[in-house]
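K.L.:
Numbering (our numbering), first residue to last: 0 to 254. For every residue, glycine included, the Cβ atom is placed at its ideal position computed from N, Cα and C. If you scroll down you'll find the structure; I have some questions about it.
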Ligand SMILES: [Zn+2]
């Protein structure tokens with residue numbers, strides 16, 4: 000029964016994430032006004048705003064103007080519900096679950112805003128950074144620390160390291176290619192991930208993310224002739240992976 004409710008909560012939270020993904024990059028409030036069709040501006044009634052179900056029943060179209068609704072809406076709801084269900088099974092009830100659900104929902108929103116607009120809103124990255132510091136103080140066990148002070152030091156150090164590493168990477172890129180290669184948004188995102196992961200997890204993310212991004216970068220450069228590639232989604236995916244399996248990776252590499 001708890002599993003079932005977790006999926007429902009995950010879907011509802013995913014529905015809110017869609018509002019966040021659409022509005023934050025446009026500097027609009029996520030609370031007011033109520034959701035409206037982007038094509039005809041008709042307000043969406045509650046019975047047309049039920050996660051996934053309404054999308055299926057309406058055939059992926061607005062009830063009023065029949066404009067296509069992006070499949071992203073249903074995809075984000077399903078992905079968020081799947082993540083919450085998985086995390087619920089992974090860590091069980093408790094404060095660790097609450098923070099991991101928050102982290103993964105923030106990362107999901109960041110992946111989609113960065114892919115769609117090339118922006119990572121500060122509300123997500125800096126808000127997540129603050130949440131990561133609180134997480135360290137409340138769940139020191141996740142940072143392999145004896146007490147909250149040790150965990151907080153690890154969290155703060157990793158946040159500074161994450162931001163600093165990408166800042167330096169950006170400087171080197173600017174010297175080599177004479178143009179801006181790393182955005183401020185990516186820096187803040189790796190700082191946020193550092194706060195949640197502590198040391199040395201943030202280094203893993205810094206090393207893994209470019210490997211994940213490489214196929215898309217080559218494809219974008221050679222096939223689609225794109226100049227810029229969002230890096231945030233790959234940082235976010237690597238960060239989520241290390242959050243769950245970072246300690247297993249350390250054991251694997253160093254015994
Ligand atoms: Zn419409």
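Under three-state DSSP, which class holds residue 25?
P.N.:
It is helical.
K.L.:
Which residue comes first and which comes last in the alpha helix (DSSP H) that contains residue 173?
P.N.:
It spans 147-176 - the alpha helix (DSSP H) in which residue 173 sits, taken as one unbroken run.
K.L.:
Would you kindly check if the distance between the Cβ of residue 163 and the Cβ of residue 75 is under 8 Å?
P.N.:
No, these two residues do not count as a Cβ contact at 8 Å.
K.L.:
Taking the alpha carbon of residue 117 as the point to measure from, which residue in 18, 24 and 252 has its own alpha carbon closest?
P.N.:
Here the closest residue by C-alpha is 24.
K.L.:
With burial defined as no fewer than 16 other Cβ atoms inside 10 Å of the residue's Cβ, what is the status of residue 83: buried or exposed?
P.N.:
Buried, since its Cβ has 16 or more Cβ neighbours within 10 Å.
K.L.:
Taking Cβ to Cβ, would you say residue 184 is nearer than 8 Å to residue 126?
P.N.:
Contact: no.
K.L.:
Alpha carbon to alpha carbon, how far is residue 221 from residue 213?
P.N.:
Using only the alpha carbons, I get a separation of about 12 Å.
K.L.:
Exposed or buried, which one is residue 112 when buried takes at least 16 other CB atoms within 10 Å?
P.N.:
Buried is the call here.
K.L.:
Considering only C-alpha positions, which residue in the set 194, 124 and 3 is nearest to residue 154?
P.N.:
Comparing Cα positions, the closest option is 194.
K.L.:
Helix or strand or just coil, what does DSSP make of residue 135?
P.N.:
Three-state result, residue 135: helix.
K.L.:
Would DSSP call residue 223 helix, strand or coil?
P.N.:
Coil.
K.L.:
Return yes when the Cβ of residue 109 is within less than 8 Å of the Cβ of residue 188, no when it is not.
P.N.:
Their beta carbons are under 8 Å apart, which means residue 188 touches residue 109 by this criterion.
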